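Numbering-wise (the working numbering), the sequence shown opens with residue 66 and increments by one.
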Amino acid sequence: MEDGPVGGELVPEPGAARRIGDLKPIPEQVRPECRALAESLRELFGAVGVSLRVFAVRLHYDAGTVSRYLNGTVVPPAEFVDQLFTHAAKATGRPSSTEVMAHVHTLQRRALQATNKVGWELQRLRDQLADADRQRQQAEVRADALSEALLVRKQRIAEMEVEQRRIAVAAADREARSAELDRLRQEREDLTAERDRLREEVARLQDALTQARRQALDAERRCEALEHQLQTEEEAAGAKAAAEDPVSHRLWLAEEQAIAAEERALRLASELAELRAQGTGAYLWRHDDPDGPRPVAGGSRERRATPFEERAPDGPAPV
66 MEDGPVGGEL VPEPGAARRI GDLKPIPEQV RPECRALAES LRELFGAVGV
116 SLRVFAVRLH YDAGTVSRYL NGTVVPPAEF VDQLFTHAAK ATGRPSSTEV
166 MAHVHTLQRR ALQATNKVGW ELQRLRDQLA DADRQRQQAE VRADALSEAL
216 LVRKQRIAEM EVEQRRIAVA AADREARSAE LDRLRQERED LTAERDRLRE
266 EVARLQDALT QARRQALDAE RRCEALEHQL QTEEEAAGAK AAAEDPVSHR
316 LWLAEEQAIA AEERALRLAS ELAELRAQGT GAYLWRHDDP DGPRPVAGGS
366 RERRATPFEE RAPDGPAPV
């Protein structure tokens, strides 16, 4: 199915200067999906108004890589598309519409699906993870709003209960004045009815807060599941890459093992320092108690064994 024109596309004005003369024509053998993406990217690149090499330097890309992206021979990653939108918006002074950005991102996903199934699956999982994270943030915002509303209602109930007690005391003091007493009783009944209504509203808000927190927890679990799935897919892709280039994979494994060994050495050093500090503290405590070291002949003090010496009297304290 072909896409129709999208309104609000970020393209140069007719007749305006365009710096895309250093781009080669799109090759004939390029897939239709890649061609449609390349044409949209070229329109955005034309709005930037710089040469291909200057643009590649700005994005810290190789000029040949950017050229292949814009020629449709290689599908660019989503990050490159986002950077191109950002630079085009800076050059023109107006950002692209939401419809245009969604359209170009859809073209990128279709081109990736047509040329790189593994890359497309990884990108699809990243999109799902981002969507789940947005839902989690929305649920957290709603939970915060409900918590604030619940706090306001509880404060109002407390204020009304104080007012109700004040009215009850005033009614007891003015029992002889029936007219005033009737008015106060009516006011108390009205406040009681309002309080009951607010209590019902608090209960409703409490249920809504519980549901919002549950939704936030579900979204968090969904994020964790997607992260695990993404990690699995990336490891599978890494295994495939290792099969194609075993030397690079072994080098990567050696670096990971070196980092793990360094972290383990730091952890053991920290545990050793903590054990030594605990041993010193135990000795000082025994030195200060009434049953601590006792003086012996010659003016010296008898020294009790530290907890570590008591455990191993025939050898050094364990570390």
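Glycine included, C-beta positions come from ideal geometry on N, C-alpha and C.
Predicted, not measured: the structure shown is a model, and the values here were computed from it.
What does a CB cutoff of less than 8 Å around residue i pick up in its chain, not counting 5 residues either side in sequence?
i       : result
Arg-100 : Ile-91 and Gly-137
Gln-271 : Leu-215
Pro-311 : none
Leu-249 : Ile-232, Ala-235, Ala-236 and Arg-239
Asn-181 : Val-140
Trp-350 : Reliability fails at Trp-350, whose pLDDT of 48 lies under 50, so the model's placement of it is uncertain and no value is given.
In the DSSP assignment, find the alpha helix (DSSP H) that holds residue i and state where it starts and stops.
i       : result
Asp-178 : Checking the sequence, you will find Gln at residue 178 rather than Asp. 163-180 is the span of the alpha helix (DSSP H), which, as asked, contains Gln-178.
Arg-146 : A small fix is needed here, since residue 146 is Val in this sequence, not Arg. Here the alpha helix (DSSP H) through Val-146 covers 143-157.
So what's residue i in DSSP terms, helix, strand or just coil?
i       : result
Val-95  : coil
Pro-360 : Bear in mind that the predicted position of Pro-360 carries a pLDDT of just 46, short of 50, making it too unreliable to give a figure here.
Thr-275 : helix
Arg-264 : helix
Lys-219 : helix
Leu-316 : helix
Lys-305 : helix
Glu-240 : coil
Leu-88  : coil
Val-139 : coil
Pro-160 : coil
Please return the same chain residues whose Cβ sits closer than 7 Å to the Cβ of residue i, not counting the five positions on each side in sequence.
i       : result
Glu-252 : Ile-232
Arg-200 : Residue identity check: residue 200 is Gln in the sequence provided, not Arg. These residues qualify, in order along the chain: Ala-284.
Lys-219 : Val-267
His-125 : none
Gln-188 : Ala-143, Arg-174 and Leu-177
Arg-207 : Ala-277
Leu-109 : Leu-75, Leu-149, Phe-150 and Ala-153
Glu-292 : Leu-194
Leu-246 : Ala-236, Arg-239 and Glu-240
Leu-263 : Arg-218, Arg-221 and Ile-222
Gln-294 : Leu-190
Arg-118 : Ala-128
Please go through the same chain and pick out, in chain order, the residues whose beta-carbon is closer than 6 Å to the beta-carbon of residue i, but skip the five residues on each side of it.
i       : result
Glu-98  : Arg-175, Ala-176 and Ala-179
Val-95  : Gly-137
Val-139 : Arg-133
Arg-230 : none
Gln-322 : none
Thr-157 : Ala-112
Glu-339 : none
Rounded to whole angstroms, how far is the Cβ of residue i from the Cβ of residue j, which I believe are closer than 8 Å?
i       : j       : result
Val-146 : Val-169 : 6 Å
Ala-308 : Val-183 : Contact doesn't hold; Cβ gap of about 13 Å is too wide.
Leu-135 : Leu-211 : Leu-135 to Leu-211, Cβ: 49 Å. No contact.
Met-225 : Glu-259 : 7 Å
Leu-256 : Glu-289 : Incorrect: roughly 48 Å between the Cβ atoms, too far for contact.
Gln-280 : Ala-204 : 4 Å
Ala-197 : Arg-269 : Contact flag wrong, Cβ pair sits at about 28 Å.
Val-113 : Ala-121 : Actually they are not in contact, since the Cβ atoms of Val-113 and Ala-121 sit about 11 Å apart, beyond 8 Å.
Leu-274 : Leu-172 : In fact, because the Cβ distance is near 42 Å, the residues do not count as touching under 8 Å.
Glu-186 : Glu-298 : 6 Å
Any heavy atom of the ligand GTP closer than 8 Å to the beta-carbon of residue i?
i       : result
Gln-200 : As for the ligand GTP, it is missing from this structure, which has no ligand bound.
Which runs of the alpha helix (DSSP H) spanning at least 4 residues fall entirely within the region 98-136, listed in chain order? 117-124 and 128-136
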